[in-house]
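**Q**
Residue numbers (our numbering): 200 to 354.
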């Protein structure tokens, strides 16, 4: 796992480009958190989360997570609550937070967070591991900081 300073520097460098490579950014973030799967959704003018980039999502699931309403699934709930939503094991979750098709990703430890800058929601980021995992408070705080950096670029 890279240092917090390194991941922030990597993100800043990519965001300074005219056209950031969102997939490259997502891969760097996943690498930092030792995650195998991730999504990046941007909020559109209709207040729907639109898939911008993904890593590790099975092809047959892409249509199901291409457009997410606020309040639906982990990403939608993170956007609605404006704070991280975590699941230690998505495979055994019965809270109703994760959508049934989410289990088809085969991931377990999952974290979704909003992209917020200056109180404005710009989208969400989701990261996940193939094993049960409880993200630490420091990790949740960092994903929110990353969300703020990404949100600032989308202004």
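C-beta atoms are modelled at their ideal positions from N, C-alpha and C, and glycine is treated no differently. Treat the numbers as computed from the prediction; the structure is a model and nothing was measured.
My understanding is that residue 325 touches residue 266, with C-beta atoms under 8 Å, so please give their C-beta distance in whole angstroms.
**A** On the chain shown, residue 325 is found 126 positions in, with the first residue counted as 1. On the chain shown, residue 266 is found 67 positions in, with the first residue counted as 1. In fact, because the Cβ distance is near 15 Å, the residues do not count as touching under 8 Å.
**Q** Quick one: complete beta strand (DSSP E) runs, 3+ long, within the segment 211-276?
**A** Listed in chain order, they are 236-242, 247-254, 266-268.
**Q** Return the chain-ordered list of same chain residues with a C-beta closer than 7 Å to the C-beta of residue 252, the five sequence neighbours on each side being excluded.
**A** Counted from its first residue, the chain shown places residue 252 at position 53. So the qualifying residues of the chain are 221, 222, 225, 239.
**Q** Hey, residue 342 and residue 283: beta-carbon distance below 9 Å or not?
**A** Counting from 1 along the chain shown, the entry for residue 342 is found at position 143. Counting from 1 along the chain shown, the entry for residue 283 is found at position 84. Yes, the pair counts as a contact, with Cβ atoms nearer than the cut-off.
**Q** Is residue 318 helix, strand or coil when you go by DSSP?
**A** As a first step, residue 318 must be located in the chain shown, where it is residue number 119. In the structure shown, residue 318 sits in coil (DSSP, three-state: anything other than H, G, I, E or B).
**Q** Based on DSSP bridge pairs, tell me the residues matched to residue 323.
**A** Residue mapping note: residue 323 aligns to position 124 of the chain shown, counting from 1. Looking at the DSSP assignment, residue 323 forms a beta bridge with 240, 313.
**Q** Taking the alpha-carbon positions, what's the residue 235 to residue 276 distance?
**A** For this step, residue 235 is matched to residue 36 along the chain shown. For this step, residue 276 is matched to residue 77 along the chain shown. Going by the C-alpha atoms only, they are around 22 Å apart.
**Q** Contact defined as beta carbons within less than 8 Å: I believe residue 176 pairs with residue 347. What is the distance between those atoms, to the nearest angstrom?
**A** Look at the range of the chain in this structure, 200 to 354, and you will see that residue 176 is not part of it.
**Q** Can you give the Cα-Cα distance for residue 349 and residue 214, rounded to whole angstroms?
**A** Taking the chain shown and counting its residues from 1, the one referred to as residue 349 is at position 150. Taking the chain shown and counting its residues from 1, the one referred to as residue 214 is at position 15. Answer to the nearest angstrom: the Cα atoms are 8 Å apart.
**Q** Can you give me the Cβ contacts of residue 354 inside the same chain, cut-off strictly under 7 Å, excluding the 5 residues immediately before and after it?
**A** The residue labelled residue 354 in the question sits at position 155 within the chain shown. Cβ neighbours of residue 354 beyond the five flanking positions: 316.
**Q** Going by other Cβ atoms of all chains shown within 10 Å of its Cβ, with 16 needed for buried, is residue 352 buried or exposed?
**A** As a first step, residue 352 must be located in the chain shown, where it is residue number 153. So residue 352 ends up on the buried side.
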